[in-house]
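2 protein chains.
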Amino acid sequence: MTTFPLSPGSTIGILGGGQLGRMLAMAAARLGFDVAILSPEADGPAARVAAHSIVGDYQDPVALKALADISDVITFEFENVPAPALAELQRLGAEVAPPARALAVSQDRLVEKTFLNEAGIPTVTFARVDEAPDLRAAFQKLGAPLLLKTRQGGYDGKGQVWVDRAGGADIAMGALGDRPSIAESPADFRRELAIIAARGRDGEIALYPLTESHHEGGILRRTTAPAKASRRLLAEAERIAATLLGALDYVGVIGVELFERDDGRLLVNEFAPRVHNTGHWTLDGCEVDQFEQHIRAIAGWPLGPTAAIHHVEMTNLLGEDVNGWARLARETESRLWLYGKRDALAGRKMGHVNRLSRLDPQAT
Amino acid sequence: MTTFPLSPGSTIGILGGGQLGRMLAMAAARLGFDVAILSPEADGPAARVAAHSIVGDYQDPVALKALADISDVITFEFENVPAPALAELQRLGAEVAPPARALAVSQDRLVEKTFLNEAGIPTVTFARVDEAPDLRAAFQKLGAPLLLKTRQGGYDGKGQVWVDRAGGADIAMGALGDRPSIAESPADFRRELAIIAARGRDGEIALYPLTESHHEGGILRRTTAPAKASRRLLAEAERIAATLLGALDYVGVIGVELFERDDGRLLVNEFAPRVHNTGHWTLDGCEVDQFEQHIRAIAGWPLGPTAAIHHVEMTNLLGEDVNGWARLARETESRLWLYGKRDALAGRKMGHVNRLSRLDPQAT
């Protein structure tokens, strides 16, 4: 039985071995924890800064047993963890956080938006699409155009296609592999925003400043933080984040992607039940960063303060961008985070740079 | 042949596996480097956050060869590295930084003070003491009392004894094991200060703000940073640090312990050719911390900015102090660094806490 708060010297298990696991592992080490990484990759970014590395498939019962045996609490660094893996860990008596339900909800876009609306959190209007006729019917109900997305899988803009008219339903469904899908109305947004939030084991909530996201080709390119925002907008973003954390009975850090519509309303695009790329600015920009915050939350520690200490422009280093490290290292306002990935494939997140400037007192 | 600047993905070797190695390893990982730890301890604080761990004695030729083979540059985290170990690494063609000479000078208190004085850096007056008659003669030359220290070894107040009068020479020498020693005049200091400084491969120098040290029982207990200091005092501390770095043709971070005498003069107590406990405040208090700075320097990267962003009171968590982690975790101004050591032995450095407050604009 795990007792909370978890003492330093305990071991934190992480499903997934990428950069989020790497930064979580470093935060855990700072607080005196050991880390065990379970990943199919032997030499991934996270395993190289962790005390223990278990190499195996996420559904390999031997690997899951090894992780459960060594870990006092287990978390995950990506939202496509197979549900049976978490179920198996729980069957083995492991403590898992965030809760499996949050992961399950986030893994299905239809379930996610339905859940959000039922919790009183606005999203775009949407319709369930199992087959082409459902999509044609959706045009009747929602108008045109529609954004067709597979309910499961897909990230960084993959697994989605715009459909202009009902007549294009068959082609669109085919383009996504005729998989269970969701049709969404356009968000008509003027800005993409995001908010990182955390909830402790005692229900305590901590909210980071709102940020503005800039995507290119479906991939996050830059985060500007804190975002310029009216008090009303800020209050609504905070209401949404706090409501979501409560509705999910959440433990840990969550990333909530938002649309600010032309009419000023806020909609949730989606949430990720984990530390999030839009929170990387907190590493250098906030009192306690999102990675330490997640470790604090799942370890049953009190949450840390979240106020901004700098204005930050976070830029992802994608693919060969990382080859600019020598130039970036000369910029005195830049803090560099490189993930130790071997191959700079096109579009791959290789690192990020936080460019700091003086915090506008009005922004806090 | 190593080419500088070292590319991310390169491997940094570290002799020593304690908390300084741990914090260096985390800083290296942030910049995309892998780390290899050589330590006699299999499961030490540093090895648990490093990609590679080589377990062996510092003079084990097989272990040294393994470290040299895997590392693009090798550094050390404590100053008692046996000189033959560095010589062997250099014979194997390894790049070692800081330079072996700095280590050798720092390992012998007589050589160190002689070197400092020859470089124009003031210290207490001192005399070489090989045998009891030398100590009796020292009283003639320097007066009384004298602080007798072994030339080599000793740390945290160990290996030294006060001697009141020439008649106590034999007993004092016996107390230190009749080893080659140095007799020092009292420093008559009103404050103990320290300055962390860095020098890059191109000779660029970066100086951190001056700090005030508070020792208890010969062990650093607290650092207050930045220290309140006149411009004159600050300028003299900076002159001393820069002079020392140049005289040693240094590469890396150095810690310089200073005495501020009652008459306002600054003396160097000793220097450590490595990251230093009096620089732990920089982890949360400065633009770029001493650990990243050391990695930057030895990797041939440009040095980072060193300005303070917070006023910090750093307190070492010694022995059972670490059991106060739950209380410290609740302090919103406190940033906790725990080293993952298994046994909280009395006086052992288990972690530290940086308590942040607003920077006094006059102090910068």
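As you go down the protein sequences, you meet chains A and B in turn.
In terms of numbering that gives the first Met the number 0, the first sequence opens at residue 0 and continues consecutively.
In terms of numbering that gives the first Met the number 0, the second sequence opens at residue 0 and continues consecutively.
Every residue gets a Cβ at the ideal spot worked out from N, C-alpha and C, and that includes glycine.
For residue 250(A), no CB of chain B lies under 8 Å from its own CB, so it is not counted at the interface with that chain. Straight through space, the alpha carbons of residue 321(B) and residue 6(B) are spaced by roughly 37 Å. Out of 39(B), 68(B), 43(B), 46(B), the CA that lies nearest to the CA of residue 55(B) is found in 39(B). Counting only Cβ-Cβ distances below 7 Å, residue 347(B) has no contacts in chain A at all, with the closest Cβ about 13 Å away.
In the DSSP assignment, residue 108(B) falls within the alpha helix (DSSP H) that extends over 108-117. Considering only 193(B), 215(B), 191(B), the residue with the shortest C-alpha distance to residue 315(B) is 215(B). Residue 0(B) counts as exposed, since fewer than 16 other C-beta atoms from the protein chains shown sit within 10 angstroms of its C-beta. Every unbroken stretch of the alpha helix (DSSP H) spanning 4 or more residues and falling wholly within the segment 175-259 of chain B is given here in chain order: 230-246. Here the alpha carbon of residue 158(B) sits roughly 25 Å from the alpha carbon of residue 85(B).
Under the Cβ distance rule, residue 336(B) counts among the residues neighbouring chain A, one pair being separated by less than 8 Å. Take the alpha-carbon of residue 282(B) and the one of residue 23(B): they are about 11 Å apart. With its beta carbon less than 8 Å from one in chain B, residue 48(A) belongs to the interface. Under the three-state reduction of DSSP, residue 0(B) is assigned to coil, being neither helix nor strand. Contact between residue 297(A) and residue 46(A) does not hold, since their C-beta atoms are separated by about 19 Å, which reaches or exceeds 8 Å.
Residue environment: residue 52(A) is assigned as buried (16 or more neighbouring CB atoms within 10 Å of its CB, all protein chains considered).
Assignment of residue 324(A) by DSSP, reduced to helix, strand and coil, places it in the helix class. Your pair residue 286(A) and residue 305(A) checks out as a contact, with CB atoms roughly 6 Å apart and the cut at 8 Å. Between residue 105(B) and residue 78(B), the beta carbon gap of about 5 Å places them in contact (Cβ cut-off 8 Å). For residue 348(A), the closest of 262(A), 120(A), 221(A) by C-alpha to C-alpha distance is 221(A).
Taking 8 Å as the upper bound for CB-CB distance, residue 168(B) and residue 135(B) are in contact here, some 5 Å apart.
Ranking 267(B), 184(B), 16(B) by CA distance to the CA of residue 111(B) puts 267(B) first. Between the alpha carbons of residue 182(B) and residue 270(B) lies a gap of roughly 18 Å. At a C-beta separation below 8 Å, residue 331(A) has these neighbours in chain B: 286, 303, 304.
Runs of the alpha helix (DSSP H) lying entirely within the segment 268-340 of chain B, each at least 4 residues long, are 281-284, 289-297, 324-329 in chain order. Burial is judged here by how many other beta carbons sit within 10 angstroms of a residue's own beta carbon; residue 18(B) has at least 16 and is buried.
Chain A places a beta carbon closer than 8 Å to that of residue 30(B), counting this residue as a contact. Bounds of the beta strand (DSSP E) holding residue 38(B) are 33-38.
Residue 44(A) and residue 176(A) have their alpha carbons spaced roughly 32 Å apart.
Between residue 21(B) and residue 50(A), the alpha-carbon positions lie close to 12 Å from each other.
One alpha carbon belongs to residue 126(B), the other to residue 113(B), and they sit about 10 Å apart.
Interface residue (Cβ-Cβ distance to chain A less than 8 Å): residue 313(B) is not classified as such.
Neighbours of residue 350(A) in chain B, taken as residues whose beta carbon is under 7 Å from its own, are 31 in chain order. Per the Cβ contact rule, the segment 321-341 of chain B is in contact with the segment 352-360 of chain B (3 or more Cβ pairs under 8 Å).
Chain order gives the chain A residues near residue 25(B) as 25, 28, 29, 48, where near means a beta carbon separation below 8 Å. Distance from residue 66(B) to residue 35(B) at the Cβ level is roughly 6 Å; contact confirmed, criterion being Cβ atoms closer than 8 Å.
The Cβ neighbour count for residue 58(A), taken over all protein chains shown within 10 Å, is under 16; the residue is labelled exposed.
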